[in-house]
Amino acid sequence: MGRIWALVAAFSLLGAPALADTVGMVKTATGAAAVVRGGADIAAEPGMAVERGDVLKTGADGAMGVTLNDGTLLSAGPNTRLSVDAFAYAPPDGEHSMVTTITRGTIGYLSGQIAQFSADAVQVNTPAGTVAVRGTHMVIAVETVR
Amino acid sequence: MTRAAGAGLALAALLALAGCAAADGDADPGPAAPAAAATDRAEDGPAATVSALARLLAAYEAGARTRRPAAAARAQARYDCWVVALRRGDDARAAECRTAFAEAMQAIETQRLRTRVVLLADPDGKVGTAELRGRGGAYTLDRERAEVLADDDGVRTDTASADAVQRRFARALDALPQPPERYTLLFQLDSTRLAPGARATFDALVRDVRDRSFPEAFIAGHTDTLGPETINEPLSRDRAESIAERLVRETGLERAAIRIAYFGERAPAFATPDETSEARNRRVEISVR
Numbered sequence: 001m002g003r004i005w006a007l008v009a010a011f012s013l014l015g016a017p018a019l020a021d022t023v024g025m026v027k028t029a030t031g032a033a034a035v036v037r038g039g040a041d042i043a044a045e046p047g048m049a050v051e052r053g054d055v056l057k058t059g060a061d062g063a064m065g066v067t068l069n070d071g072t073l074l075s076a077g078p079n080t081r082l083s084v085d086a087f088a089y090a091p092p093d094g095e096h097s098m099v100t101t102i103t104r105g106t107i108g109y110l111s112g113q114i115a116q117f118s119a120d121a122v123q124v125n126t127p128a129g130t131v132a133v134r135g136t137h138m139v140i141a142v143e144t145v146r
Numbered sequence: 001m002t003r004a005a006g007a008g009l010a011l012a013a014l015l016a017l018a019g020c021a022a023a024d025g026d027a028d029p030g031p032a033a034p035a036a037a038a039t040d041r042a043e044d045g046p047a048a049t050v051s052a053l054a055r056l057l058a059a060y061e062a063g064a065r066t067r068r069p070a071a072a073a074r075a076q077a078r079y080d081c082w083v084v085a086l087r088r089g090d091d092a093r094a095a096e097c098r099t100a101f102a103e104a105m106q107a108i109e110t111q112r113l114r115t116r117v118v119l120l121a122d123p124d125g126k127v128g129t130a131e132l133r134g135r136g137g138a139y140t141l142d143r144e145r146a147e148v149l150a151d152d153d154g155v156r157t158d159t160a161s162a163d164a165v166q167r168r169f170a171r172a173l174d175a176l177p178q179p180p181e182r183y184t185l186l187f188q189l190d191s192t193r194l195a196p197g198a199r200a201t202f203d204a205l206v207r208d209v210r211d212r213s214f215p216e217a218f219i220a221g222h223t224d225t226l227g228p229e230t231i232n233e234p235l236s237r238d239r240a241e242s243i244a245e246r247l248v249r250e251t252g253l254e255r256a257a258i259r260i261a262y263f264g265e266r267a268p269a270f271a272t273p274d275e276t277s278e279a280r281n282r283r284v285e286i287s288v289r
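Chains A and B are the protein sequences, given in the same order.
Note that this note's numbering has the first sequence beginning at 1, numbered continuously upward.
Note that this note's numbering has the second sequence beginning at 1, numbered continuously upward.
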């Protein structure tokens with residue numbers, strides 16, 4: 001535990017102010033995939049920064065995956081809308097939280113450090129309620145039904 | 001809804017707008033007329049019940065009672081509860097019912113959606129837990145492929161087949177990035193030279209970085225507790241720097257994709273007294289993602 005914290009703590013000290021809103025990076029993107037930021041769609045490409053408040057949006061043939069700063073993996077399948085509403089990762093003080101919202105489509109999730117160290121710090125809002133994640137691997141779909 | 005009921009509702013709305021309270025015991029099965037209690041407040045007083053009724057009636061006009069019967073019935077019941085509570089001057093109850101009304105209205109007005117949550121085993125075969133907290137209560141998932149399905153009609157739990165998970169989630173699962181990997185490299189005493197045996201780990205690290213798309217490396221340097229911190233802190237920095245330089249040289253990783261931190265002897269992997277030579281603490285930890 002101590003040594004993991006040490007590694008984790010190391011990098012929290014280094015966050016440059018300019019990167020304060022950067023919460024992760026796009027690692028995979030295929031088909032129609034975009035990051036919606038400030039109301040504008042930016043085509044998603046691997047290597048692109050993900051910021052707090054961004055919405056991951058994919059079309060019928062699209063999919064994308066991001067790695068967040070704590071090592072959490074998130075992905076969006078086709079026709080998906082997933083927003084990264086809150087992300088706080090500041091070890092070792094214990095102030096962690098991650099809140100995302102899926103309003104349509106499919107997502108994949110694999111826990112990072114936040115879920116390991118803070119029970120209930122990871123929440124995924126869905127139309128049916130909030131999913132509190134204590135790890136580790138999960139998928140969610142929001143389907144439209146008649 | 002029946003024409004008569006619709007007319008009754010419209011009448012109730014008109015009465016309300018005119019500032020009159022409909023008498024209790026009306027034949028009308030529609031929502032109660034807005035309350036005309038003295039304690040009017042902008043947010044949850046009688047004035048608000050007027051616009052709420054208009055909203056409910058608009059939803060009925062749009063076919064909510066056939067399309068979403070359960071939610072429509074719930075909205076009407078909560079509306080009635082709200083109005084009655086206001087008449088009685090029970091503010092707490094009124095607020096409760098108003099909130100429940102708003103939730104029911106949201107369910108009516110939004111598209112009908114079904115949410116499916118499936119817990120999976122992680123790459124190490126471990127199964128964690130997740131809990132859906134919705135209107136109908138809390139549902140815990142704690143077995144592999146345990147599934148909860150929730151929509152306006154209720155919540156049910158099940159076990160998804162592996163095939164069904166593939167069918168529904170293949171694209172999302174394929175798009176998940178490669179999980180981060182962690183490496184520990186040990187060093188020789190008071191040196192930035194790798195310990196014998198660390199070479200194989202370093203080679204694995206190099207291969208991993210080369211195989212990833214847009215890799216990032218987080219590098220933390222450490223020492224054991226032998227010697228003063230004034231020596232150990234720069235030594236831990238130099239160890240981390242030496243690994244960063246070698247990674248750049250051998251993998252082409254961009255310097256901007258590397259972050260370095262150093263701790264001297266302050267964060268040992270294995271706790272020891274001060275002035276203790278401990279090979280396992282003379283190390284650099286690397287996380288690659």
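The beta carbon of each residue, even a glycine, is placed where N, CA and C say it ideally should be.
The structure displayed is predicted, hence computed values, not measured ones.
If you follow the alpha helix (DSSP H) that residue i is in, where does it begin and where does it stop?
| i | result |
| --- | --- |
| M48 (chain A) | Counting along the chain, M48 (chain A) falls outside any alpha helix (DSSP H), and DSSP gives it neither H nor E. |
| R207 (chain B) | A198 to D211 |
| V145 (chain A) | Segment: none, V145 (chain A) is in no alpha helix (DSSP H) and carries neither H nor E. |
| N232 (chain B) | E229 to T251 |
| V165 (chain B) | A162 to A175 |
| S51 (chain B) | P46 to E61 |
For residue i, count neighbouring C-beta atoms within 10 Å of its own C-beta (all shown protein chains included) and say buried if the count is 16 or more, exposed if not.
| i | result |
| --- | --- |
| K57 (chain A) | buried |
| F270 (chain B) | exposed |
| A13 (chain B) | For A13 (chain B), the predicted model reports a pLDDT of 46, less than 50, meaning its position is unreliable and no value from the coordinates is stated. |
| A240 (chain B) | buried |
| P273 (chain B) | exposed |
| T188 (chain B) | A quick correction: the sequence has Gln, not Thr, at residue 188 (chain B). Q188 (chain B) should be labelled exposed. |
| A267 (chain B) | buried |
| A38 (chain B) | Residue placement at A38 (chain B) cannot be trusted, given a pLDDT of 44 that sits under 50; the coordinates are not used to answer. |
| V145 (chain A) | exposed |
| P215 (chain B) | buried |
| K126 (chain B) | exposed |
| T223 (chain B) | buried |
| T230 (chain B) | exposed |
| L86 (chain B) | buried |
| Q113 (chain A) | buried |
| P69 (chain B) | exposed |
Measure from the C-beta of residue i to each C-beta in chain B and report whether the shortest distance is under 8 Å.
| i | result |
| --- | --- |
| V50 (chain A) | no |
| K27 (chain A) | yes |
| I107 (chain A) | yes |
| S111 (chain A) | yes |
| T126 (chain A) | yes |
| R81 (chain A) | no |
| T144 (chain A) | yes |
| L73 (chain A) | yes |
Based on Cα-Cα distance, which residue from the options lies nearest to residue i?
| i | options | result |
| --- | --- | --- |
| R104 (chain A) | B:S51, B:A102 and B:R116 | B:R116 |
| F218 (chain B) | B:I231, B:L113, B:G89 and B:A256 | B:A256 |
| A71 (chain B) | B:R93, B:T110 and B:W82 | B:T110 |
| Q106 (chain B) | A:D120, A:Q123, A:A128 and A:Q116 | A:A128 |
| A172 (chain B) | A:I107, A:T144, A:M48 and A:D120 | A:I107 |
| T22 (chain A) | A:R52, A:A43, A:T100 and A:P78 | A:R52 |
| T225 (chain B) | B:F263, B:S213 and B:F169 | B:F263 |
| L73 (chain A) | A:E95, A:R37 and A:V50 | A:V50 |
| P180 (chain B) | A:V36, A:L68 and A:G77 | A:L68 |
| W82 (chain B) | B:F169, B:G128, B:A48 and B:I108 | B:A48 |
| E245 (chain B) | B:L149, B:L176, B:I258 and B:E265 | B:I258 |
| M138 (chain A) | B:D152, B:A170 and B:A138 | B:A170 |
| V124 (chain A) | A:T101, A:V66 and A:A32 | A:T101 |
Between which two residues does the beta strand (DSSP E) holding residue i run?
| i | result |
| --- | --- |
| D80 (chain B) | First-last for D80 (chain B): P69 to R88, but that is the alpha helix (DSSP H), not the beta strand (DSSP E). |
| D85 (chain A) | R81 to A90 |
| T140 (chain B) | G137 to L141 |
| E96 (chain B) | It is not in any beta strand (DSSP E) - E96 (chain B) instead sits in the alpha helix (DSSP H) that spans D91 to E109. |
| Q123 (chain A) | V122 to T126 |
| F218 (chain B) | A217 to G221 |
| A115 (chain A) | Here A115 (chain A) belongs to no beta strand (DSSP E); instead the alpha helix (DSSP H) covers Q113 to F117. |
| K27 (chain A) | T22 to T30 |
| L105 (chain A) | The sequence shown places Gly at residue 105 (chain A), not Leu. Residues E95 to L110. |
| A279 (chain B) | No beta strand (DSSP E) holds A279 (chain B); DSSP gives it neither H nor E. |
| S75 (chain A) | L73 to A76 |
Answer yes or no: does any C-beta atom of chain A fall closer than 8 Å to that of residue i?
| i | result |
| --- | --- |
| P234 (chain B) | no |
| G154 (chain B) | no |
| F187 (chain B) | no |
| S161 (chain B) | no |
| E131 (chain B) | yes |
| E103 (chain B) | no |
| D40 (chain B) | Unreliable positioning characterises D40 (chain B) in this predicted model, as indicated by a pLDDT of 47, which lies under 50. A coordinate reading is not provided. |
| D26 (chain B) | Model confidence at D26 (chain B) stands at a pLDDT of 38, short of 50, so the residue's coordinates are unreliable and nothing is read from them. |
| G63 (chain B) | no |
| R239 (chain B) | no |
| A172 (chain B) | yes |
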